[in-house]
Amino acid sequence: MNFMALDQSAVIGQADKMKPAPRALPVRLSGVAYDVGGLRLIDGLGLTVAPRRRLALIGPNGAGKSLTLRLVQGLIRPTAGEICWGEHAAPPAHSVALVFQRPTLLRRSVLANIRHALAAYGAPRAGREDAAMELLEMAGLADLADRPARRLSGGEQQRLALVRALAAEPELLLLDEPTASLDPQATQAIEMLIEAAAARGTSVVLVTHDLGQVRRLADDVAFLHRGRVLEHGTADEFFDEPQTQEAADFVAGRLLL
Amino acid sequence: MAESPSALSEAFQLLISADPALTEIVLLSLQVSLTATLIAFALGAPLGALIAVSRFPGRGAVIAVLNALMGLPPVVVGLTVYILVSNAGALGPLRLIYTPTAMVIAQVLLVAPLIAALSRLTIEDMHEEYDELFRTLRLTRFAAIGTLLWDARFSLATVALAGFGRAIAEVGAVLIVGGNIAHVTRVMTTAIALETSKGELSMALGLGIILIAISVAVNAAVGVARASGRRMAAI
Amino acid sequence: MKSILRSALLATALLGLSALPATAEDKPFIIVQSTTSTQNSGLYDHILPIFTEATGIEVRVVAVGTGQALKNAQNGDGDVLLVHAKPAEEKFVADGWGVERFDVMYNDFVIVGPKDDPAKVKETVGIGPALAAIMNATAPFASRGDDSGTHKKEVALWKTAGLDPSGASGTWYRETGSGMGATLNVAAGMGAYALTDRATWLKFANKGDLEIVYEGDPALFNQYGVILVNPERHSHVKAVEAQAFIDWLLSEAGQSAIASYTRNGSPLFTPNATSTRIKPAG
Chain A
6 MNFMALDQSA VIGQADKMKP APRALPVRLS GVAYDVGGLR LIDGLGLTVA PRRRLALIGP
66 NGAGKSLTLR LVQGLIRPTA GEICWGEHAA PPAHSVALVF QRPTLLRRSV LANIRHALAA
126 YGAPRAGRED AAMELLEMAG LADLADRPAR RLSGGEQQRL ALVRALAAEP ELLLLDEPTA
186 SLDPQATQAI EMLIEAAAAR GTSVVLVTHD LGQVRRLADD VAFLHRGRVL EHGTADEFFD
246 EPQTQEAADF VAGRLLL
Chain B
2 MAESPSALSE AFQLLISADP ALTEIVLLSL QVSLTATLIA FALGAPLGAL IAVSRFPGRG
62 AVIAVLNALM GLPPVVVGLT VYILVSNAGA LGPLRLIYTP TAMVIAQVLL VAPLIAALSR
122 LTIEDMHEEY DELFRTLRLT RFAAIGTLLW DARFSLATVA LAGFGRAIAE VGAVLIVGGN
182 IAHVTRVMTT AIALETSKGE LSMALGLGII LIAISVAVNA AVGVARASGR RMAAI
Chain C
758 MKSILRSALL ATALLGLSAL PATAEDKPFI IVQSTTSTQN SGLYDHILPI FTEATGIEVR
818 VVAVGTGQAL KNAQNGDGDV LLVHAKPAEE KFVADGWGVE RFDVMYNDFV IVGPKDDPAK
878 VKETVGIGPA LAAIMNATAP FASRGDDSGT HKKEVALWKT AGLDPSGASG TWYRETGSGM
938 GATLNVAAGM GAYALTDRAT WLKFANKGDL EIVYEGDPAL FNQYGVILVN PERHSHVKAV
998 EAQAFIDWLL SEAGQSAIAS YTRNGSPLFT PNATSTRIKP AG
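Protein chains in written order, with the numbering used here: chain A, 6 to 262; chain B, 2 to 236; chain C, 758 to 1039.
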């Protein structure tokens, strides 16, 4: 598979091109609450997303992981508490990218999807075609460039959504269960893309239920339960010595009720 | 009806004779209604999209009015345009009364609300799906509307067809502002009205059959273009 | 690709508009506000090519009811008025909207009705008794009801006969509110009596069970007049071309063109211009 033969020089070249963007990192959440219809789904959440780290957000369903991602992206505003992105009260434009669990692809070709994103990110018109092809090659989708995006397989769609997010050259990449319901091969392809992005200096926050994936990808782990962060540390610490009973149960695969 | 068989043969004879007068009427009908539909689409579809993506006080009322305007009676539109373009009217100095241009204006007013209302409906559904993506991309409203219009293009083609259907079939507006002048503003529907008033019912029905055939042909052409385009864009 | 499509659409729309034979003044033309009865009779298809051939002036006829024709002409939406409601025409001139009225031609009105003639109109003498027979029999009667020349005439005939059918509107007296042809279609459809001008009747193709049941009373005389819309009221009126048309209608050539329009050998209109217009000095 050609995405495995990643052209390192191209990757480094892209990192060199990265303009001195406004610093969105670290992202600090303190005392954050978020209500939906009078229900407090996030409550007193504190979390720091550090530069050049890969953080896994884990926890049982309904813990507030996806909401946290949306808060960090700036898609939703907290009901209470504070979030700051570096020195900023809102994320600098295109500094934080988010890939949804079921990504929305435009009703156009694979290539046109990337071109559209590049245009939205303000990439100069002249270089868009080349930049788009470069990204598709990175995703191993170059051969499918003219295919309708919505006819791709699940794994291909997820890869497309991932490089579309990377088209902005974000400082921080947020991923909401990017490999849920993908087969191992497709999962591996996605993980390689994430690692390549991290290697270029992009910070990553990953929501996942796959603890194996956490071990493979994450430097740090934040364990969420009922809208709060119960534990936050390095992945090794978390797996070796969980501090709370809930985390221990979760790691051991017991149901958290 | 005794007219039916003779109407069919009348239609058939008109067609095989390729009567130049008929050709002229058919071409003018197509020209007026296609032009009106294109202009109405250029105005109505972006307006519909704008309403679809905007939230403002009174939005519900605007949509209700727009939906009601879909059923605007052609005669009322014709009368309104007549008052405007009549030589005694506000646009009188432009000398538009009894010209195909006046007919186009009337049909644009008739069709644009229909296209806007149906576009709003189509685009609103799609916008619901795209909204989060747009917000992560930080698209401007203008860019969002452009994206939605393009991605909804195949549904919007059907919307345009509905507009064309209304334009080509209406008689009330074009009769008033066009005057049904032979060789100048006579179109299929006004010719049918004229033949009916002469009591030439077979001829009128024959023209009606041709009008339906034209409508079917236009629909089929757009349908084929749409299907093949859709296959390529694959949605 | 998107922008190409956009500009293609735009170009098509613009082409469509520009290709429309709008107000392009490449060939001189005038607009005649006239009545459905004259158009439906086919008279214009016969005489206008002769005039255009002779002068190069195209004549565009807008055929509506006399009431609407008068109103349109008053708005300046025509150069010439050719209708058949003498009192209304004279008022139009008196109010300054028209320059002068000339008699052009006449035909006559007839009453048509079902062949079996349930109201026994055929046995009556005089238009008054004929109308009374219809009213007494409460036989269906289709009226134009549209303020047209024919409608004005019909109303006047009832009034002269001392009858008032308006109370029966909706029962046997049916006001169609439409043109002559449409009203005859209604009459044919429901077996009603109707007042029509002879020319329209002779050319009317959907006679069904109808035939002429009354004709010949001098009161049924139907005079057509022609008027130049006053250029002092509407400066854009093409007075020269319009006047040329009126002069031609009143001339030997125009009058014989009208006379030569026949159906089964009989003329549909009888030309009766009394004088050609005397051109004012200057």
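For every residue, glycine included, the Cβ atom is placed at its ideal position computed from N, Cα and C.
Computed from a predicted structure; not experimentally measured.
Taking C-beta pairs closer than 7 Å, name the residues in chain C that residue i reaches, listed in chain order.
i: N88 (chain B); result: N832, G833, D834, H991, H993
i: I98 (chain B); result: D834
i: G180 (chain B); result: V819
Give a yes or no on whether the C-beta atoms belonging to residue i and residue j are separated by under 9 Å.
i: R838 (chain C); j: A820 (chain C); result: The sequence shown places Leu at residue 838 (chain C), not Arg. Going by C-beta atoms, L838 (chain C) is not nearer than 9 Å to A820 (chain C).
i: L76 (chain A); j: L34 (chain A); result: yes
i: L111 (chain B); j: A174 (chain B); result: yes
i: A976 (chain C); j: T917 (chain C); result: yes
i: L149 (chain B); j: V54 (chain B); result: yes
i: T1027 (chain C); j: A1016 (chain C); result: yes
i: R187 (chain B); j: L29 (chain B); result: yes
i: V226 (chain A); j: V219 (chain A); result: yes
i: G973 (chain C); j: T957 (chain C); result: no
i: L176 (chain B); j: T191 (chain B); result: yes
i: I119 (chain A); j: L141 (chain A); result: yes
On the CB-based measure, 16 or more other CB atoms within 10 Å of its CB, does residue i come out buried or exposed?
i: A781 (chain C); result: Residue placement at A781 (chain C) is flagged as unreliable, the pLDDT there being 44, under the threshold of 50; the coordinate-derived value follows with that caveat. The residue in question, A781 (chain C), is exposed, as its Cβ has fewer than 16 Cβ neighbours within 10 Å.
i: K24 (chain A); result: Low confidence applies to K24 (chain A): its pLDDT is 49, below 50, so where it sits in the model is not reliable, and the reading given next is rough at best. Its Cβ having fewer than 16 others within 10 Å, K24 (chain A) is exposed.
i: G36 (chain A); result: exposed
i: I213 (chain B); result: exposed
i: M947 (chain C); result: exposed
i: V78 (chain B); result: buried
i: T141 (chain B); result: exposed
i: A899 (chain C); result: buried
i: F1002 (chain C); result: buried
i: Q790 (chain C); result: buried
i: N829 (chain C); result: buried
i: V225 (chain B); result: exposed
i: A887 (chain C); result: buried
i: G18 (chain A); result: In this prediction, G18 (chain A) scores a pLDDT of 41, lower than 50, which makes its location untrustworthy; no coordinate-derived value is stated.
i: G1022 (chain C); result: exposed
i: H908 (chain C); result: buried
Which one of the options has the shortest CA to CA distance from residue i?
i: V943 (chain C); options: C:H908, C:R901, C:S905; result: C:R901
i: T881 (chain C); options: C:Y971, C:V997, C:I787, C:K916; result: C:Y971
i: L920 (chain C); options: C:D904, C:I884, C:A899, C:R955; result: C:I884
i: A949 (chain C); options: C:L805, C:I891, C:E847; result: C:I891
i: I182 (chain B); options: C:I807, C:V816, C:A1010; result: C:V816
i: V217 (chain B); options: B:A19, B:S18, B:R121, B:L31; result: B:L31
i: I787 (chain C); options: C:T809, C:D836, C:W1005, C:P806; result: C:D836
i: A89 (chain B); options: C:H841, C:K848, C:Q831; result: C:Q831
i: T239 (chain A); options: A:R113, A:V54, A:D224; result: A:D224
i: K70 (chain A); options: A:L198, A:L180, A:R221; result: A:L180
i: G936 (chain C); options: C:G1011, C:E911, C:D903, C:N987; result: C:D903
i: L9 (chain B); options: B:R232, B:V219, B:A205; result: B:A205
i: T24 (chain B); options: B:I177, B:G147, B:R121, B:I215; result: B:I215
i: A999 (chain C); options: C:V850, C:V983, C:Y930, C:Q1012; result: C:V983
i: N987 (chain C); options: C:T793, C:H803, C:K872, C:D852; result: C:D852
i: S158 (chain A); options: A:L110, A:Y126, A:R205; result: A:L110
i: A896 (chain C); options: C:H908, C:L914, C:A876; result: C:A876
i: V234 (chain A); options: A:V54, A:L44, A:R156, A:L167; result: A:V54
Just to make sure I have the definition right: I need the residues of chain B whose C-beta is within less than 7 Å of the C-beta of residue i. Which are they?
i: F228 (chain A); result: Correct list: empty, because the minimum Cβ distance to chain B is about 26 Å.
List the residues of chain A that residue i touches, going by C-beta distances under 9 Å, in chain order.
i: E130 (chain B); result: T109
i: E133 (chain B); result: R75, L80, L103, F105, T109
Cβ closer than 8 Å: which chain B residues qualify as neighbours of residue i?
i: F961 (chain C); result: K199, G200
i: A956 (chain C); result: Under the 8 Å cutoff, chain B gives no residues; its nearest Cβ is about 12 Å from A956 (chain C).
When you measure from the CB of residue i to every non-hydrogen atom of the ligand COA, does any distance come out below 8 Å?
i: V105 (chain B); result: Although the ligand COA was asked about, the structure shown includes no ligands whatsoever.
Give the residues of chain B in contact with residue i, contact being defined as C-beta atoms less than 9 Å apart.
i: A98 (chain A); result: R139
Closer than 8 Å by beta-carbon distance: list the chain A residues that pair up with residue i, in chain order.
i: R136 (chain B); result: L80
i: T148 (chain B); result: L111, H121
i: D1 (chain B); result: Residue 1 (chain B) is absent from the structure shown; chain B starts at 2 and stops at 236.
Starting from residue i, find everything on chain A with Cβ-Cβ shorter than 7 Å and list it in chain order.
i: A144 (chain B); result: A125
- request: Would you mind listing the alpha helix (DSSP H) stretches within the region 65–142 of chain A that are 4+ residues and don't spill past its ends, in chain order?
  value: 70–78, 115–125
Runs of beta strand (DSSP E) wholly within the region 202–262 of chain A (minimum 3 residues, chain order): 208–212, 225–230, 233–239
- prompt: Along the chain, which unbroken stretches of the beta strand (DSSP E) at least 3 residues long are found entirely within the region 192–229 of chain B?
  reply: none
task: Mind listing, in chain order, the continuous alpha helix (DSSP H) runs of no fewer than 4 residues lying wholly within the region 861–902 of chain C?
output: 884–893
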